[in-house]
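One structure is given here, and the rest of the page talks about it.
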Amino acid sequence: MRSLTRWIPACVVLLALAAPVLLLRGEPEAAGRPRVVGVLTNAAVALPAYEGFRAGLAELGGPPVSFLFGGVIPDDAALAAEARRLVAGGADLILTLTTRAALAALEAGRERGVPVVFAPASNPLRTGLTQSLRRPGGNATGVTFGRQEARRLEWLLRLVPGTESVYVPYTRGDPSPLASLPVLREAAKTLGVSLTEEAVDGWDGLRAALARLPASTRAMLVPADPGIASHSREIAAFATEHGIALSMPHREGVEQGALMSYGFTLYGLGRQAARQALLVLSGVPPAEIPVELAEFSLSLNLEAAHRLGLDISPLMLRQAHVVAP
790 MRSLTRWIPA CVVLLALAAP VLLLRGEPEA AGRPRVVGVL TNAAVALPAY EGFRAGLAEL
850 GGPPVSFLFG GVIPDDAALA AEARRLVAGG ADLILTLTTR AALAALEAGR ERGVPVVFAP
910 ASNPLRTGLT QSLRRPGGNA TGVTFGRQEA RRLEWLLRLV PGTESVYVPY TRGDPSPLAS
970 LPVLREAAKT LGVSLTEEAV DGWDGLRAAL ARLPASTRAM LVPADPGIAS HSREIAAFAT
1030 EHGIALSMPH REGVEQGALM SYGFTLYGLG RQAARQALLV LSGVPPAEIP VELAEFSLSL
1090 NLEAAHRLGL DISPLMLRQA HVVAP
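Listed below in structure tokens is the structure:
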């Protein structure tokens, strides 16, 4: 997928790092009324994307910006209510850090035309966030991923040769993993392995599922699922204890103990989205701003590989970002 932002109760609060308003570098004509950016997420794992977004805006320059952020809101009904509060609070743009948040923000801002920049969203075409990637056509744009999941499964199988089945837990009803599962199924068929998919209800449901996992399980792949990925450290500890090769969807998960990832860094993804947000804040309609693909790379945890008794070839090492000695 690291510090987690503490829950901020009650109403949405205005914050921008340590200052009430984050003033961005820019041309004199950019000065004036601060633009208001609302931030919406249902998963703590996504918060590094928010950090990257703020850093990206600061580096790029632009108008003064203030942020409305009410903390991590996992409940769907509360997430929708928070999105409506951001719209009512005068947000010029809503930055969303998960697919569920993007859908809630798009619905809440539909009447007033409040634009949405997602960082990220899983398969925005399948989830209905955009009409196309090149010309989104609606009121949302941002950064996406999805096709890299096939490559990630391929890398996992190269690292753990002889694997016949991969365990894939996902949050029941979450549009993000549901959008990426078809890609994984297609890849599994091509690669000649089976997927053991299991829908779970939250962290408690996942813990119960892991407790009954067959002892023969040797590989686990967590899809792009922010709810599950928020527990990367706990899942990695379980995988270590049971000798399971674990793949997470982002580098942060590898830093927390997983064997590998072929994916993005959340911080870098947020910086990508900052470029798009600056265009929106300067008056360019989201419908005309192409959706960008997240920048992917292979990440390996050599400590995890050593514990699993895996032999990592020099060629793999040259292609990977090594996150542990």
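End of the sequence shown sits at 1114 in the working numbering; the numbers just go up one at a time, nothing left out.
Every residue gets a Cβ at the ideal spot worked out from N, C-alpha and C, and that includes glycine.
Self-check item: Opening and closing residue of the beta strand (DSSP E) in which I883 lies
Solution: Looking at the DSSP string, the run of the beta strand (DSSP E) that includes I883 is 882-885.
Practice problem: Pick helix, strand or coil for M1105, following the three-state DSSP scheme. | Solution: Residue state for M1105 is assigned as helix, using DSSP reduced to three classes.
Quiz item: Measuring CB to CB, does L1049 end up less than 8 Å from S1088?
Solution: For clarity, residue 1049 is Met in the given sequence; the question names Leu instead. Between M1049 and S1088, the gap from beta carbon to beta carbon is short of 8 Å.
Quiz item: Grouping DSSP H, G and I as helix and E and B as strand, with all else coil, what is L918?
Solution: DSSP places L918 in coil when its eight states are reduced to three.
Quiz item: Cβ of G878 within 8 Å of Cβ of G827?
Solution: Yes, they are a contact pair.
Quiz item: So, helix, strand or coil for S969, using DSSP?
Solution: Collapsing the DSSP output to three states places S969 in a helix.
Self-check item: With 16 other Cβ atoms within 10 Å as the buried cut-off, status of T979
Solution: Exposed.
Practice problem: Count the other CB atoms, across all protein chains shown, that sit within 10 Å of the CB of Q1045; report buried if there are 16 or more and exposed otherwise. | Solution: Taking all protein chains in view, the Cβ of Q1045 is crowded by 16 or more other Cβ atoms within 10 Å, so the residue is classified as buried.
Quiz item: Just to confirm, are G1059 and E1084 a CB contact at a threshold of 8 Å?
Solution: For G1059 and E1084, no; Cβs fall outside 8 Å.
Practice problem: Would you identify the three-state DSSP class for P1015, choosing helix, strand or coil? | Solution: The answer is helix: DSSP assigns P1015 an H, G or I state.
Exercise. Could you pull the start and end residues of the beta strand (DSSP E) that R824 belongs to?
Key: Per DSSP, R824 belongs to the beta strand (DSSP E) from 824-829.
Quiz item: So the beta strand (DSSP E) P742 belongs to, where does it begin and stop?
Solution: The shown model of the chain, from 790 to 1114, leaves out residue 742, and the question about it has no answer.
Quiz item: Per the contact definition of three or more C-beta pairs closer than 8 Å, is the stretch 1015-1033 in contact with the stretch 1069-1086?
Solution: Taking a cut-off of 8 Å on C-beta distances, the stretch 1069-1086 does not touch the stretch 1015-1033, as fewer than three cross pairs fall below it.
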